[in-house]
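In this note's numbering, the protein residues as written are 46 to 379.
As C-alpha cells, this is what we get:
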C-alpha cells in the first residue's frame, strides 16, 4: 500500500522545527552571564591573583574566571550544533554573515557614540576606526572569528562529511590529544593553537559535527554531569596547587588560572560539552526565555567593548560588593 503524507504530522513537525527549545535558549543566557562574571574578575581594579589562598579566591579563580571561557564554548556549540545540519550553500552562509555584521556595526557605532558623550578620554584612534570597521579590525574577536567561520563553514562541512565516520573520529581524537590534553593542561604548550582565533571554532566544529552526525547520544546525562564536575574540580585543584607556588616565588601569579585561560583547555571543554549536553536533552518552551535569549549577543558586545573594562575598574572603588579574603576586607566587582 502506498504511503501518503499526513498533513497534520507535517504541520506538527514544521512547528517543532520553528519552535526553539527554551532549554538551549536558557543556556545562551547562562553563557552570557558566565562571560560577564569572568570580566568582572579579570578586569577588576582589585588584583585577585596576588591575594593569599582563601575560600573567596577559590570561587573567583577556580569557578567564576574559567566560566567565561565556558560561556564562549557554549555560544559556539549552540550555533554549531544546528549549523552542521543546515545547508552547505555559500550564499546562505554569506547571508548569515551579513546579518551578523549589520548587528555588530550597529553596536560598535552606538557604543562609541555613548562613550564619546560620557568619557571621550577612553576613545583612541584605533577604536574610532574599529567603530566603522568592527569585523575587519577585530574589535570583538569572537564575532570576527565567527563571521570568518560562517564563510568557511560550507566548505568545512563538505570536507568533514567526505571523511566518513572513522576518519572523522580519528581526526577528532588527534585534535583532542594535541590541543585539549597536550596543549590543554598547561599554559606553555599550545601546539600552535592561538588564543582568540578562528582555529578554535574549526576545532570545536570538527568535534561537534562528529557528535551530531554519528553519535548524538554519545554523552548521556550522567556522563555530562561528570564532565561538568570534573572540569571544575581540575580548575579548582589548579588554583589550590599553583597559588602557594606563585606567591612564594612572587612571580607568574596569573598562572594560577592557566587552565581557564583559553577555550580549548581541558577543564573548559569538559564543562562546556557537559553543560550543552545536559541542556539539549531537556526540552521545554518559554516565550519569556526565548525573548531574553535574543539579547545575549548584545550583552557580550557591551561587556567586552574595549573601553568597558576601564568602567569596571572605576566602578570597583565606588559601588562594588565587599568580600573578605584571608581575614582582610577587599573590594570586588559584583
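Backbone N, C-alpha and C fix where the C-beta goes; we use that ideal spot for every residue, glycine too.
- Item | Same chain only: Cβ atoms within 7 Å of residue 195, ignoring 5 sequence neighbours per side | 138, 141 and 142
- Query: How would you label residue 321, buried or exposed, when you count the other beta carbons within 10 angstroms and need 16 or more for buried?
  - Reply: buried
- Message: Between the segment 328–339 and the segment 68–75, can you find at least three pairs of beta-carbon atoms closer than 8 Å?
- Response: yes
- Message: If the criterion is Cβ atoms closer than 8 Å, does the pair residue 218 and residue 254 meet it?
- Response: no
- Message: Contact defined as beta carbons within less than 8 Å: I believe residue 185 pairs with residue 346. What is the distance between those atoms, to the nearest angstrom?
- Response: 6 Å
- Message: Pairs of beta-carbons, one from the segment 82–93 and one from the segment 260–277, closer than 8 Å: are there three or more?
- Response: no
- Leaving out five residues before and five after residue 235 in sequence, what residues of the same chain have Cβ atoms less than 6 Å from its Cβ? 228
- Message: Considering only their Cβ atoms, is the gap separating residue 297 from residue 115 smaller than 8 Å?
- Response: no
- In the structure shown, what three-state DSSP assignment does residue 227 receive? helix
- For residue 92, which of 331, 292 and 328 has the nearest alpha-carbon? 292
- Query: Secondary structure at residue 215, three-state DSSP: helix, strand or coil?
  - Reply: helix
- Query: How many Å lie between residue 188 and residue 246 at the Cα?
  - Reply: 11 Å
- Give the secondary structure of residue 165 by DSSP, where H, G and I count as helix, E and B as strand, and everything else as coil. helix
- Task: Just the C-alpha distance for residue 232 and residue 348, rounded to the nearest angstrom, thanks.
- Result: 25 Å
- Return helix, strand or coil for residue 305, following the three-state DSSP convention. helix
- Which whole-angstrom value describes the C-beta separation of residue 288 and residue 301, a residue pair presumed to lie in contact below a C-beta threshold of 8 Å? 5 Å
- Message: Quick check for students: name the residue ranges of the alpha helix (DSSP H) that lie wholly in the segment 166–213, counting only runs of 4 or more.
- Response: 170–177
- Three-way DSSP call (helix, strand, coil) for residue 110 in this model: helix
- Task: Would you give the residue range spanned by the alpha helix (DSSP H) that residue 335 belongs to?
- Result: 332–338
- Query: Leaving out five residues before and five after residue 120 in sequence, what residues of the same chain have Cβ atoms less than 6 Å from its Cβ?
  - Reply: 76
- Look at residue 350 and residue 173 and say whether their C-beta atoms are less than 8 Å apart. no
- Which word fits residue 192, buried or exposed, when buried means at least 16 other C-beta atoms lie within 10 angstroms of its C-beta? buried
- Query: Would you call residue 213 buried or exposed, if buried means 16 or more other Cβ atoms sit within 10 Å of its Cβ?
  - Reply: buried
- Message: Please identify the residue among 324, 179 and 168 whose C-alpha is closest to the C-alpha of residue 262.
- Response: 324
- Item | For residue 289, the three-state DSSP class (helix, strand or coil) | helix
- Query: At what residues does the alpha helix (DSSP H) containing residue 321 begin and finish?
  - Reply: 311–325
- Query: If we cut at 8 Å on Cβ distances, does residue 340 have a partner in chain C?
  - Reply: Among the chains in the structure shown there is no chain C, since it carries only a single protein chain.
- Message: Measuring straight from C-alpha to C-alpha, what distance separates residue 358 and residue 299?
- Response: Low confidence applies to residue 358: its pLDDT is 49, below 50, so where it sits in the model is not reliable, and the reading given next is rough at best. Cα to Cα, residue 358 sits roughly 18 Å from residue 299.
- Message: Whole angstroms are fine: how far does the CA of residue 207 sit from the CA of residue 103?
- Response: 45 Å
- Simplified DSSP state of residue 240, which is helix, strand or coil: coil
- Tell me whether residue 312 is buried or exposed, calling it buried when 16 or more other Cβ atoms sit within 10 Å of its Cβ. buried
- Out of 95, 65 and 90, state which residue places its alpha-carbon closest to the alpha-carbon of residue 295. 95
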